[in-house]
Every structure is written in structure tokens, then in C-alpha cells.
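**Student:** Numbering (this note's numbering), first residue to last: 152 to 406.
All C-beta atoms in this analysis are idealised placements derived from N, C-alpha and C, irrespective of residue type, glycine included.
Sharing a structure here in C-alpha cells format.
What follows is the structure in C-alpha cells.
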């Protein structure tokens with residue numbers, strides 16, 4: 152049974168100001184919640200008897216730390232953000248990551264997102280980063296919120312392995328040591344398939360409509376272009392940022 156106050160509380164977490172005030176986020180579905188349970192601190196669970204019976208041992212170990220409501224499928228629909236909720240909804244504590252930017256980008260490839268505003272795009276990019284072994288994403292303050300329920304669902308659990316940091320992006324790039332490459336995608340860049348690419352540094356991906364901002368562009372040292380095929384053929388103006396990120400990451404890893 153789930154109370155009206157509990158439903159009101161969970162539904163309020165759709166809004167960023169309440170998520171920020173409480174320092175929590177919502178995840179739904181047995182696969183996603185299962186991926187996150189061992190990584191983030193769980194504060195609350197609403198789940199069907201079937202889900203609870205499978206996870207009985209986990210719940211017993213944490214019964215003094217996690218509030219649990221056994222709910223029917225109908226009750227779950229009332230609290231869920233999904234059209235077809237699957238067995239469980241959980242409220243997790245937002246993590247507080249600390250990172251030495253120069254140390255990280257000097258030894259591995261990272262992504263930087265410049266005002267990527269669509270929650271689905273951000274979630275998909277986190278999932279792509281996970282697939283290609285990218286462990287850190289640096290988001291400008293204008294990016295979508297990683298803890299938006301739509302973004303959380305779109306990560307498909309990848310946020311358990313990929314750390315997302317919100318930073319002043321121009322300031323972060325300004326603080327990088329000189330030999331760290333900063334790649335960016337531009338329509339007037341050099342053919343990505345003909346460039347030398349390092350397996351470290353930062354790949355900057357821009358806003359859905361405006362691309363990379365002038366403030367961030369000033370710190371890009373390697374300008375890349377994803378050529379269309381065949382060259383010279385009339386084609387779409389640009390690629391979706393998540394698709395472009397997939398193509399770029401795949402080429403870096405292919406090398």
C-alpha cells in the first residue's frame with residue numbers, strides 16, 4: 152500500500168528543483184533499478200510482491216535504511232512516470248563525485264557536452280559512453296539534468312558506470328595542461344577518418360541546434376568533421392548529436 156503523501160512526494164521529483172532540494176532521483180523497472188542498487192544509495196522502493204520476493208535477501212539486509220512499500224500494479228501506475236511500469240520504482244541518493252580533471256583526461260578519453268538540452272539525447276550519450284568504455288562525461292551547466300526521469304531511463308543503467316559531472320565548461324577546458332588534445336565536431340572541420348586520433352583527451356559535442364559555442368570552440372585543438380557519403384551529394388544539414396557521438400566514439404575506438 153502506498154500513501155497519497157508518498158505518491159505526491161515521488162511525483163514531485165519530476166521537477167529539478169525538488170530533486171535538487173532532496174538530493175535524490177527516481178529510477179524505474181527491474182533491469183534499471185537492478186543495475187543501480189549496488190551503486191547508489193537507495194532511499195525508497197515501491198515494488199510488487201513478485202519483485203520483493205526475488206530481492207528478499209537484499210531488502211532484509213537494508214530494512215533499517217530503505218523504506219519499502221509493497222504495491223499492486225495499479226498503485227505502481229499511479230506513482231510511475233512510465234506508461235507501462237515494470238514491477239519496481241526506486242528513489243536513489245544523488246552521488247557526489249570528485250575528480251581530478253587533468254589526471255583523468257591525460258590517461259583516458261572523455262566526453263564534454265556543450266549545452267546538450269534534450270534529456271533523451273543526454274541519456275543515450277551516457278549509454279554510448281558506457282558501450283565505448285568512456286567513464287567520465289563533463290556537462291556544461293546548460294545541459295539537461297542527468298537525474299531527469301527521462302534521462303535516467305534513457306541511460307538504461309549506464310549511469311551506474313559512467314560518471315557525469317556538471318562544470319563551467321570553458322573554465323574546465325582552460326585549465327587543461329597544454330598537451331591534452333581537445334577534439335570538437337564542426338561542419339568545417341577536417342575529415343575525421345583522415346586525422347590522427349589519440350586514445351586520451353576530450354571530445355566536445357555541441358548543442359542540438361547551435362553546435363559548439365564560441366566560448367568552448369576557442370579551446371578546441373583538433374577540429375573534426377564526419378563526412379557524408381558520397382562527398383558532394385546534397386544531404387541533411389547535420390546529424391543528431393547522439394548519433395554523431397556514436398560515430399565519433401566508434402572511430403576513436405576503432406583506431
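1. At what residues does the alpha helix (DSSP H) containing residue 180 begin and finish?
2. Using the Cα positions of residue 260 and residue 188, report the straight-line distance between them to the nearest angstrom.
3. I'd like the span of the beta strand (DSSP E) that includes residue 336, first residue to last.
4. From the DSSP output, in three-state form, read off residue 380 for me.
5. Just how far apart, CA to CA, sit residue 160 and residue 317?
6. List in chain order: all unbroken beta strand (DSSP E) runs of 3+ residues lying wholly within the region 204–264.
7. Alpha carbon to alpha carbon, what distance is there between residue 178 and residue 184?
8. With 16 other CB atoms within 10 Å as the buried threshold, where does residue 373 fall?
9. Please report how far the alpha carbon of residue 176 lies from the alpha carbon of residue 241, in whole angstroms.
10. Counting only C-beta atoms, is residue 203 closer than 8 Å to chain D at any point?
11. Between 401, 281, 194 and 296, which lies nearest to residue 168 when the distance is taken from Cα to Cα?
12. Would the region 376–385 count as touching the region 335–349 if we require 3 or more Cβ pairs under 8 Å?
13. Just the C-alpha distance for residue 384 and residue 220, rounded to the nearest angstrom, thanks.
14. To the nearest angstrom, report how far apart residue 361 and residue 247 are at their CA atoms.
15. Taking the beta strand (DSSP E) that residue 352 falls in, what are its first and last residues?
16. For residue 153, write down the residues that DSSP places opposite it in a beta bridge.
17. Compare the Cα-Cα distances from residue 386 to each of 338, 234, 198 and 153 and report the closest residue.
18. Between which two residues does the alpha helix (DSSP H) harbouring residue 193 extend?
19. Look up residue 201 in the DSSP assignment and say whether it is helix, strand or coil.
20. Tell me which residues share the same chain as residue 164 and place their Cβ nearer than 8 Å to its Cβ, disregarding the 5 neighbours each side in the sequence.
21. Give the single residue among 192, 335, 197 and 186 whose Cα lies nearest to the Cα of residue 154.
22. Is there contact between the region 206–217 and the region 225–234, where contact requires at least three CB pairs shorter than 8 Å?
23. Does the separation of the CB atoms of residue 322 and residue 294 fall below 8 Å?
**Tutor:** This is what the structure gives:
1. Translated into positions along the chain shown, residue 180 becomes position 29. Segment: none, residue 180 is in no alpha helix (DSSP H) and carries neither H nor E.
2. The sequence position of residue 260 within the chain shown is 109, counting from 1. The sequence position of residue 188 within the chain shown is 37, counting from 1. Cα to Cα, residue 260 sits roughly 27 Å from residue 188.
3. Within the chain shown, residue 336 is the residue found at index 185, counting from 1. Unbroken beta strand (DSSP E) run through residue 336: 333–342.
4. Numbered from its first residue, the chain shown carries residue 380 at position 229. It is coil, neither helix nor strand.
5. By 1-based counting over the chain shown, the position of residue 160 is 9. By 1-based counting over the chain shown, the position of residue 317 is 166. Each residue's alpha carbon lies about 26 Å from the other.
6. 218–221, 239–244 and 260–264
7. Taking the chain shown and counting its residues from 1, one reaches residue 184 at position 33. Taking the chain shown and counting its residues from 1, one reaches residue 178 at position 27. So the two alpha carbons sit approximately 6 Å from each other.
8. Along the chain shown, read from residue 1 onward, the residue named residue 373 stands at position 222. It is buried - the Cβ of residue 373 has at least 16 other Cβ atoms within 10 Å.
9. Counting from 1 along the chain shown, the entry for residue 176 is found at position 25. Counting from 1 along the chain shown, the entry for residue 241 is found at position 90. One C-alpha to the other measures close to 8 Å.
10. Judged by its chain identifiers, the structure shown contains no chain D, having just a single protein chain.
11. The residue labelled residue 168 in the question sits at position 17 within the chain shown. Out of 401, 281, 194 and 296, 296 has the C-alpha closest to the C-alpha of residue 168.
12. yes
13. Counting from 1 along the chain shown, the entry for residue 384 is found at position 233. Counting from 1 along the chain shown, the entry for residue 220 is found at position 69. Going from the Cα of residue 384 to the Cα of residue 220 covers about 58 Å.
14. The count along the chain shown starts at 1 and reaches residue 361 at position 210. The count along the chain shown starts at 1 and reaches residue 247 at position 96. Near 30 Å, if we compare the C-alpha coordinates of residue 247 and residue 361.
15. Here the question's residue 352 lines up with position 201 in the chain shown. Residues 352–356.
16. Locating residue 153 in the chain shown gives position 2, counting from the first residue. For residue 153, which the question treats as bridged, DSSP gives no partner whatsoever.
17. Numbered from its first residue, the chain shown carries residue 386 at position 235. Of the candidates 338, 234, 198 and 153, the one whose C-alpha sits nearest the C-alpha of residue 386 is 338.
18. Against the chain shown, residue 193 aligns to sequence position 42. Note, residue 193: premise wrong, no alpha helix (DSSP H); beta strand (DSSP E) at 193–198.
19. Here residue 201 refers to the residue found at position 50 when the chain shown is read from its first residue. In the structure shown, residue 201 sits in a helix (DSSP, three-state: H, G or I).
20. To locate residue 164, count along the chain shown from 1; it is residue 13. Here the set comprises 170, 173, 175, 176, 177, 242 and 300.
21. For the purposes of this step, residue 154 is identified with residue 3 of the chain shown, where counting begins at 1. Minimum Cα distance to residue 154 is reached at 197.
22. no
23. Numbered from 1 along the chain shown, position 171 holds the residue referred to as residue 322. Numbered from 1 along the chain shown, position 143 holds the residue referred to as residue 294. Not a contact, by the Cβ cut-off of 8 Å.
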